[in-house]
Every structure is written in structure tokens, then in C-alpha cells.
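**Student:** Everything in the sequence shown is counted per numbering that gives the first Met the number 0, starting at 0 for the first residue and increasing by one.
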Amino acid sequence: MMRRPLFALALAVALSATLSAATPAALAQTANRSLPIRNDTTQEVYAVYTARVGTDAWGPDLLGSDTIQPGQTHQATRPAAGAGCRVAVRYILKPGPEVIQPEVDICAVPSLVVTEAEAITQQRRAWRLHNTSRTTLMNLYILQPGATERGEDRFGPISLEAGASFYVRRPPSTACTADVIVRSTGGAESTRAGIDLCSVDVVTIDDLPADAATEEDAAPSGITVINRTGQAAQSLFISAVSQPNWGDNRLTQPLQSGERFSFEAPGDNHCLYDVRLVLADGTNQDRMMENFCQISELLFEHIARGGDKRP
Numbered sequence: 000m001m002r003r004p005l006f007a008l009a010l011a012v013a014l015s016a017t018l019s020a021a022t023p024a025a026l027a028q029t030a031n032r033s034l035p036i037r038n039d040t041t042q043e044v045y046a047v048y049t050a051r052v053g054t055d056a057w058g059p060d061l062l063g064s065d066t067i068q069p070g071q072t073h074q075a076t077r078p079a080a081g082a083g084c085r086v087a088v089r090y091i092l093k094p095g096p097e098v099i100q101p102e103v104d105i106c107a108v109p110s111l112v113v114t115e116a117e118a119i120t121q122q123r124r125a126w127r128l129h130n131t132s133r134t135t136l137m138n139l140y141i142l143q144p145g146a147t148e149r150g151e152d153r154f155g156p157i158s159l160e161a162g163a164s165f166y167v168r169r170p171p172s173t174a175c176t177a178d179v180i181v182r183s184t185g186g187a188e189s190t191r192a193g194i195d196l197c198s199v200d201v202v203t204i205d206d207l208p209a210d211a212a213t214e215e216d217a218a219p220s221g222i223t224v225i226n227r228t229g230q231a232a233q234s235l236f237i238s239a240v241s242q243p244n245w246g247d248n249r250l251t252q253p254l255q256s257g258e259r260f261s262f263e264a265p266g267d268n269h270c271l272y273d274v275r276l277v278l279a280d281g282t283n284q285d286r287m288m289e290n291f292c293q294i295s296e297l298l299f300e301h302i303a304r305g306g307d308k309r310p
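#1: Give the secondary structure of Glu263 by DSSP, where H, G and I count as helix, E and B as strand, and everything else as coil.
#2: Check whether the region 135 to 145 touches the region 177 to 184, taking contact to mean three or more Cβ pairs, one atom from each stretch, closer than 8 Å.
#3: Is Glu296 helix, strand or coil by DSSP?
#4: Considering Cα atoms alone, identify which of Leu250, Val240 and Ile302 is closest to Ser234.
#5: Residues bridged to Ser33 by DSSP?
#6: Quick one: using the 10 Å Cβ neighbour count with 16 as the cut-off for buried, is Gln68 buried or exposed?
#7: Would Glu300 pass as an interface residue toward chain B - the criterion being a Cβ-Cβ separation below 9 Å?
#8: If you draw a straight line from the C-alpha of Leu278 to the C-alpha of Thr147, how long is it?
#9: Going straight from the alpha carbon of Gly155 to that of Ser189, what length do you get?
#10: Please state whether DSSP places Thr120 in a helix, a strand or coil.
#11: How about the region 112 to 131 and the region 84 to 103: do they share at least three Cβ pairs that are nearer than 8 Å?
#12: If I follow the unbroken beta strand (DSSP E) through Phe236, where does it start and stop?
#13: By the three-class DSSP mapping on this structure, what secondary structure does Ser189 have?
#14: Give every residue of the same chain whose Cβ lies closer than 6 Å to the Cβ of Val201, excluding the five residues on either side of it in the sequence, and list them in chain order.
#15: Report the three-state DSSP secondary structure of Thr173 (helix, strand or coil).
#16: Please name the residue, chosen from Thr54, Gly58 and Leu111, that lies closest to Thr72 on a Cα-to-Cα basis.
#17: Skipping 5 residues on each side, what residues in its chain have a beta carbon closer than 6 Å to that of His301?
#18: So, for Glu258: in the same chain, excluding its five sequence neighbours on each side, which residues have a beta-carbon less than 7 Å away from its beta-carbon?
#19: Alpha carbon to alpha carbon, what distance is there between Pro101 and Met288?
#20: Determine the direct distance from the alpha carbon of Asn290 to that of Thr282, and round the result to whole angstroms.
#21: Which residues in the same chain have their Cβ closer than 8 Å to the Cβ of Gln42, if we skip the five residues on either side of it in sequence?
#22: Under 8 Å by Cβ, that's how I've got Asp39 and Thr114 pegged, so tell me the actual separation to the nearest angstrom.
#23: Grab me the residues of Leu276's own chain with a C-beta within less than 6 Å of its C-beta, minus the 5 sequence neighbours each way, in chain order.
#24: Once you ignore the five residues that flank Pro35 on each side, which residues in its own chain have a CB closer than 8 Å to its CB?
#25: The beta strand (DSSP E) with His129 in it runs from where to where?
#26: Taking a contact to mean a Cβ-Cβ separation below 9 Å, would you say Arg85 touches Arg51 in this structure?
#27: Alpha carbon to alpha carbon, what distance is there between Cys106 and Ala239?
#28: For Leu136, which beta-bridge partners are listed by DSSP?
#29: Can you tell me the Cα-Cα spacing of Ala27 and Ala87, whole angstroms?
#30: Measuring alpha carbon to alpha carbon, tell me which of Arg32, Gln293, Tyr45 and Leu254 ends up nearest Phe165.
#31: With a threshold of 16 other CB atoms inside 10 Å of the CB of Gln293, please say whether the residue is buried or exposed.
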């Protein structure tokens with residue numbers, strides 16, 4: 000009749016010995032599997048991954064199907080420590096680039112935090128992919144010349160809308176030259192071969208067609224410029240955002256304040272344009288990245304100084 004109490008006593012002693020041998024970090028993890036992840040950047044965090052230090056074997060997304068808005072915190076589940084407590088943490092932000100914290104004790108930290116300073120530092124070390132086509136980009140691959148395997152989709156869980164940009168970390172100096180391949184929602188692909196990603200600042204994608212389902216709706220239409228600046232406009236320039244120069248003046252005579260000027264959007268398979276109005280006093284008013292596929296009027300009003308200036 001005493002076998003059950005004796006067994007219980009033996010089990011209690013064994014459990015006590017096991018807990019005594021455990022590390023404080025492991026005990027804390029056992030007690031609390033919750034892992035707050037805070038976004039202290041001005042960007043949205045789309046995914047968070049961990050990997051054993053020194054490897055690229057990234058585990059599942061700690062956010063699941065969620066994202067973290069700027070200034071917000073997400074309650075995730077702390078990864079199991081079976082593979083070790085010290086891990087690298089990778090944050091996918093949009094427009095990026097990704098932020099990697101190379102070594103974090105996932106068992107001991109009370110929370111994970113990605114900061115604006117980290118994001119700014121990484122952005123200064125990155126190149127920018129600019130989508131000026133009329134479609135959304137779904138995949139981004141970066142291959143060494145001659146490689147046949149595309150490897151990881153660098154967009155991760157995000158997509159890149161028309162007119163948007165995405166920052167990508169520069170490669171090591173031993174692997175600067177690469178082919179950049181993007182794929183659109185409609186399955187079309189565009190390749191930029193042999194790009195020096197250690198020196199280039201911007202890679203522009205402007206040669207993909209609009210998706211068949213939306214091409215008719217997205218066609219640029221007539222645009223009317225309205226001058227309410229309080230002075231005459233001497234010149235009007237229209238340029239696709241992918242073009243380096245402003246081109247020719249669209250006005251044949253000054254556009255007086257209160258007047259309108261209408262023109263047909265260029266038929267060059269683009270939606271996004273920069274617009275510059277040069278006023279009588281020599282100042283400029285600029286409208287950058289205006290979507291001619293979605294607007295029909297551009298209003299210029301009196302402001303103290305001109306807008307952003309493109310050389």
C-alpha cells in the first residue's frame with residue numbers, strides 16, 4: 000500500500016534535480032514562451048526570422064500572417080531553444096532594406112526591437128529597386144552570372160506596387176556583379192544582367208507591360224493643368240520618372256494664373272510622371288511621381304517656395 004507515495008516522492012526528487020540543473024535562461028523560457036517584437040522604425044515590418052548564428056537556415060516567420068505597424072508591438076511565440084539560444088534575427092521591412100541583428104540570446108532577452116537607427120544605417124548601405132512599370136512586382140531574384148538556380152525570393156512576403164521602391168542590401172565585395180530578375184503579377188519577367196550592385200544606386204524596372212486584366216483601365220488619359228499660383232507660368236515640362244531629362248516645354252504661350260492647359264498623356268506605356276511648372280519669377284513648382292493613369296487634373300497653387308527640384 001506504500002508503493003504509490005514512495006514513487007511520488009522519487010519522482011519529485013528527480014524533477015527537483017532536473018530543474019536545478021537547468022539554466023536560468025532556459026527556466027525563464029519554459030515559464031514564458033511569449034516574445035514581444037517591437038517596431039521602432041517608420042516602416043512596416045512584414046516578417047521576422049531567426050537562424051542559428053553563422054548559418055542562413057532561416058526558420059518560419061515569427062509574425063505568421065501578421066505585420067507590425069510603426070511604433071507597435073506584436074506578441075510572438077519564442078522559438079524553441081533546442082538548437083541553441085544564440086541566434087541571428089532578420090527583419091523584413093518595406094521599403095527596406097532588411098535589418099539583421101547578427102547575435103541575440105533569444106532565451107534571455109525580454110523582447111526583440113528593431114530601431115529606426117538600424118533601418119537608416121542599412122538603407123545607406125543598400126541599392127534601390129524602383130518599379131516604374133504599370134504592374135506589381137511579385138518576385139525578385141539576384142543571381143551570380145552563370146548561375147542556374149534562382150534561390151531565395153528577395154521580396155519575401157511583400158510585393159512591389161507600380162511607382163514603389165524596395166531597398167536591397169549590397170553584396171560582399173567579392174560578389175558585386177549579378178543579374179537582377181523580377182517577375183510581375185502577370186508572370187512577365189524582366190532581367191538586368193551584369194549589374195555592379197556594389198556601386199549602383201538605383202535599378203529601374205520600366206519595361207514590363209500592365210497586367211492584361213487592368214491595362215485598359217490603367218491607360219493614361221488627358222491631363223489638365225490648372226494654374227492658381229498668382230503669376231503666369233512660362234514653361235511646363237512632363238517626363239516619365241524613368242527618364243533623366245525633362246524634355247521640351249509643353250506651353251506655346253504663357254499660362255496665366257486662373258487659366259487651364261490640357262494635353263494628352265504621352266503614349267509610352269507609362270503611368271508615373273514628374274511635372275514641372277516654371278513661373279514668371281523663375282521659381283519652379285514640381286509634382287513628382289504623379290500617376291497619369293489615375294488622375295485627370297493637376298492643380299498648382301501659390302506656395303512660398305518651389306517644390307522638390309530634379310536637375
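Ideal placement from N, C-alpha and C gives every residue a C-beta, glycine not left out.
None of the values given here were measured: they were computed from a predicted structure.
**Tutor:** Looking at the coordinates:
#1: Looking at Glu263 - three-state DSSP - the assignment turns out to be strand.
#2: Put simply, the region 135 to 145 touches the region 177 to 184. At least three CB pairs are less than 8 Å apart.
#3: Residue state, collapsed to three classes: strand.
#4: For the residues Leu250, Val240 and Ile302, the minimum Cα distance to Ser234 belongs to Leu250.
#5: Beta-bridge partners of Ser33 (DSSP): Thr76.
#6: Gln68 sits exposed, since fewer than 16 C-beta atoms from the chains shown fall within 10 Å of its C-beta.
#7: Any reference to chain B falls outside this structure, which holds one protein chain only.
#8: Answer to the nearest angstrom: the Cα atoms are 54 Å apart.
#9: Their backbone Cα atoms lie some 18 Å apart in a straight line.
#10: Here Thr120 sits in helix by DSSP.
#11: The answer is yes - the region 84 to 103 touches the region 112 to 131, with three or more Cβ pairs under 8 Å.
#12: Going by DSSP, Phe236 is part of the beta strand (DSSP E) stretching over Ala232 to Ala239.
#13: In this structure, Ser189 counts as strand in the three-state DSSP scheme.
#14: Setting aside the 5 residues that flank it on each side, Val201 is surrounded in the same chain by Arg127 and His129, each with a C-beta closer than 6 Å to its C-beta; the list follows chain order.
#15: The answer is helix: DSSP assigns Thr173 an H, G or I state.
#16: Answer by Cα proximity: Leu111.
#17: Contacts found: Thr228 and Gly229.
#18: If we look at Glu258 and ignore the five residues flanking it on each side, its Cβ neighbours are Asn226.
#19: Separation of Met288 and Pro101 (C-alpha to C-alpha, rounded to the nearest whole angstrom) is 37 Å.
#20: Roughly 24 Å between the two C-alpha positions.
#21: Result list for Gln42: Pro69, Leu92, Lys93, Pro94, Gly95 and Ala118, in chain order.
#22: With a Cβ gap of about 5 Å, Asp39 and Thr114 count as contacting.
#23: Contacts found: Ala232, Leu235, Gln284 and Phe299.
#24: Only residues of its own chain outside the window of five on either side were considered, and among them Thr72, His73, Gln74, Ala75, Pro109, Ser110 and Leu111 have a CB closer than 8 Å to the CB of Pro35, listed in chain order.
#25: Taken as a continuous stretch (DSSP letters only), the beta strand (DSSP E) holding His129 covers Ala125 to Asn130.
#26: Their beta carbons are under 9 Å apart, which means Arg85 touches Arg51 by this criterion.
#27: One C-alpha to the other measures close to 51 Å.
#28: Answer is Leu159 and Ser183.
#29: For Ala27, the predicted structure reports a pLDDT of 47, less than 50, and the residue's modelled location is therefore unreliable. A value from the coordinates is still provided. C-alpha separation (whole angstroms): 20 Å.
#30: Residue nearest to Phe165 within the set Arg32, Gln293, Tyr45 and Leu254 is Tyr45 (criterion: CA-CA distance).
#31: That one is exposed.
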